[in-house]
Every structure is written in C-alpha cells, then in structure tokens.
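According to the working numbering, the residues represented by the sequence shown are 94 to 437, in order. Think of the CB as a built atom: it goes at the ideal place given N, C-alpha and C, for glycine as much as any other residue. Structure record follows, encoded as structure tokens.
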Amino acid sequence: EDMGFLESVFSYVFGDGDPNGDVEERRLALVGEMIRQNGGAVTAEQLAPFCDDAPMPLDNGEEERAYVDESFVLPIVTQLDGEPQVTDEGDIVYVFPELMKTSTSKSVVPNLSAEEKRESRILRRAGLDEDAPTEVIKRLLMMNRISTRGALERGDLVDILEEVLPDDNTSDVDVDDPTLLTEREYKFSLASSIQTILAGGLGVVNLGGALYLGNLLGQYALYGVRLPSYMGLVQQFFPLLLAYAVLFNAIPLVRNIWLSRQNVKIQQRNEVRRSWKSLLEQKAGSVKRKMMAAARMGKKLKQLGAGGRDIVFDTSKDFAGIETVKEKDEMKEFDKLLEEKAWE
Numbered sequence: 094e095d096m097g098f099l100e101s102v103f104s105y106v107f108g109d110g111d112p113n114g115d116v117e118e119r120r121l122a123l124v125g126e127m128i129r130q131n132g133g134a135v136t137a138e139q140l141a142p143f144c145d146d147a148p149m150p151l152d153n154g155e156e157e158r159a160y161v162d163e164s165f166v167l168p169i170v171t172q173l174d175g176e177p178q179v180t181d182e183g184d185i186v187y188v189f190p191e192l193m194k195t196s197t198s199k200s201v202v203p204n205l206s207a208e209e210k211r212e213s214r215i216l217r218r219a220g221l222d223e224d225a226p227t228e229v230i231k232r233l234l235m236m237n238r239i240s241t242r243g244a245l246e247r248g249d250l251v252d253i254l255e256e257v258l259p260d261d262n263t264s265d266v267d268v269d270d271p272t273l274l275t276e277r278e279y280k281f282s283l284a285s286s287i288q289t290i291l292a293g294g295l296g297v298v299n300l301g302g303a304l305y306l307g308n309l310l311g312q313y314a315l316y317g318v319r320l321p322s323y324m325g326l327v328q329q330f331f332p333l334l335l336a337y338a339v340l341f342n343a344i345p346l347v348r349n350i351w352l353s354r355q356n357v358k359i360q361q362r363n364e365v366r367r368s369w370k371s372l373l374e375q376k377a378g379s380v381k382r383k384m385m386a387a388a389r390m391g392k393k394l395k396q397l398g399a400g401g402r403d404i405v406f407d408t409s410k411d412f413a414g415i416e417t418v419k420e421k422d423e424m425k426e427f428d429k430l431l432e433e434k435a436w437e
C-alpha cells in the first residue's frame, strides 16, 4: 500500500530524512568485527574501507607506500581506544587491546527464544545488526518503498521485512558488504512515481493560481481600490499565499540540487572505500608486509592476553604504574620459585 496523499506531498516537499542516520553505528560495528577477526591488530589500509576521509590509494602500491598520511584513521582509532605501534620495519600498526578484552568478556551467548532467533535471522538477512533499533528497521523499509502502515510494534516491522525478503540469498533490500562501509544514496522521495508527479502538479497549479490571482488583484491595487468582505481578506493575505506557492516549488527544487551534490560525494567516498578493499585483496608490496606484521602482533596479543597483566608496556598508563605492576609480578614469580624449591 502506497503513502497517503498528505504523506506523499510532505515527502515531495521535505523528503524522508537521512538514509545514513545509522552510519556511525554501522561503521563501529563493522570495524569492531574486522579488528576481532584480525586478532586486535590492523593497519591503516585495513581501516581505510571504513573511513570517510581516506584518500584514493595510489596505483603503484607494489613498490611504494599506498599512502603517506594516516590521519584519516584517527577518528576510528580514538573511538575504539586504539594504540599505534611501530614495527621493526618502521610501519605503523594499530592495536586495540580494550576491544579484544571486551569481546572476550562478552563471549557468553545468552539463550534466545525461538521468536528472538527468528528475528535475529531476518535482520541478518536484511543486512542489519541483530539489535538494530526499531527506527532503523522502519527506515530501511521506507527507503525501499515498502509501506509500514499498520505496523504498531517492532514484531510487525520484522514480519513485513520477512515478507519482502526472497527465499534465496538475493534480496532487493539494501544489504551492506561487511568488508567495507557503504553509504546509501539519498532518494528525492519515497512516494511512488505517480504520487510524486501529482504532488509536483499540485505545486505548479498552486503557483499558477497565485500568479493569476495576483494579476487580478493587481488591477484593483493599481487604482488604490480595496476590495470588501472575503475578497478584501484575500487581497490582504495575498503575499502569504504567493510565498506559500513559491516555497512549495522552490524547496523541492533546492533540495533536489542539494541531494544531487550529496550523492556525488557519497559515490566518491564509496568508490574510495572499494578501491582500498581491492588493494587489500591484492596484498602486494608494502601492504602485504604491513598486514603480515599486524598478524604477528595480533598473535602476540592473544598469547599475552590483551588488556591483561601480562602486557609489558601499555601507553595508556604512566611509567610509575607500569613499574609497580612489573615489580609485583617479579615478586610473585620469585615466591613461586622459592615454593617450588622448598617442595623439592
């Protein structure tokens, strides 16, 4: 079922909101999963497919660095409490001990009811997180021009989503690639084509009627005649009627120009992210070397226990605190040796 007439007119004039309102949530979820899969240590190239300001990688990445400035990863590194580490080759690897500690502390999977498992499965098929907010589900349906009328609860939206998802793995609903962040482009209106044409026609009729009325009233105003009764009221408030008719047509026009520019930027950012993903798949030159160094560092994090007391150095703590912890650990090791010799 399509939108109602008033809804379609509102959608035509003002639009339907930002389709990327949940982009930060999706970004952190995708990055967090990628970091966990790589043992808590990654390179700037691995983070680039999820960044906004990453430059286009160079074509000759086999012999030279694919980039010089890594500042584009700072927002993600800061949000996830990452720490830069320098390898023996002089490359920078970003480690996330707190993220790994969080993932291990939340490794216990709660028991889900059959309905919760069904909902989780449907949301994953649609490319959403299992705990996606209700507004995100509704926005996804609206973006794909699927009516949500009559859906009063979250379960109703999930039922509608299940109905529109095909049985096979292909789907008309926008499913994001988990290996990179893909921004959705703006749509001028979620109303049907016929409703959009009717809303636009209404705007043209309003503007034409206002201009025609202005021409009639102008003839009386030319001679200084003030019309009585109802026509006098129309004459008095005509500037407001004209402003309404102009804005009814001007707002969609300006919004369409703005949306076109925003979509160009979104396409450029998505293209840059896809280029970084392609570079990672090639695994050539310095990219391969850095990824191997990050993998080795990730193994060390697992062996030492990320976020635990076995870490020798942690830049998030001051030097005095680190020395105190090391002295306590050394005393414990010494006591263990004494106990072992005593038993011998």
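Ranked by how close their Cα comes to the Cα of Q360, the residues V229, D270, R277, V327 have R277 in first place. Taken in chain order, the complete alpha helix (DSSP H) segments of 4 or more residues contained in the segment 100-141 are 116-130, 137-140. Excluding its 5 nearest sequence neighbours in each direction, N131 has C-beta neighbours in its own chain below 8 Å: Q139, A387, A388, G391, listed in chain order.
When the five nearest sequence neighbours on each side are left out, the beta carbons in the same chain lying within less than 7 Å of the beta carbon of R348 are those of G108, in order along the chain. In this structure, L254 and I230 form a Cβ contact; the two beta carbons are roughly 6 Å apart against a cut-off of 8 Å. In the three-state reduction of the DSSP assignment, E182 falls in the coil class.
Annotation: C144 to P226 spans about 23 Å, alpha carbon to alpha carbon.
When DSSP states are grouped into helix, strand and coil, Y279 belongs to the coil group.
About 14 Å separates the beta carbons of A141 and V186, which is beyond the 8 Å limit, so they are not a contact pair. Bridge partners of E176 according to DSSP: V188.
In this model, F189 and E118 are separated by some 18 Å (Cα to Cα).
If you look at F143, you'll find it isn't in any alpha helix (DSSP H); DSSP assigns it neither H nor E.
L173 is positioned such that its CB atom lies closer than 7 Å to that of L192.
Here I239 carries a coil assignment [DSSP, helix/strand/coil]. For F330, the three-state secondary structure derived from DSSP is coil.
Rounded to whole angstroms, the separation of the alpha carbons of V339 and N308 is 15 Å. M96 places its beta carbon 7 Å or farther from that of A244.
Cβ contact annotation for D146 (same chain, cutoff 7 Å, sequence separation greater than five): F165, in chain order.
The three-state reading of DSSP puts P226 in coil, since its state is none of H, G, I, E or B.
The count of Cβ pairs closer than 8 Å, one atom from the segment 176-186 and one from the segment 376-387, reaches three, so the stretches are in contact. DSSP places K393 within a helical segment (H, G or I) once states are collapsed to three. At least 7 Å separates the beta-carbon of V365 from that of M127.
Membership of L274 in any alpha helix (DSSP H) is not indicated, and neither H nor E is assigned to it by DSSP. Boundaries of the alpha helix (DSSP H) around K210: 207-218.
Contact between F341 and G296 holds, since their C-beta atoms are separated by about 5 Å, short of 8 Å.
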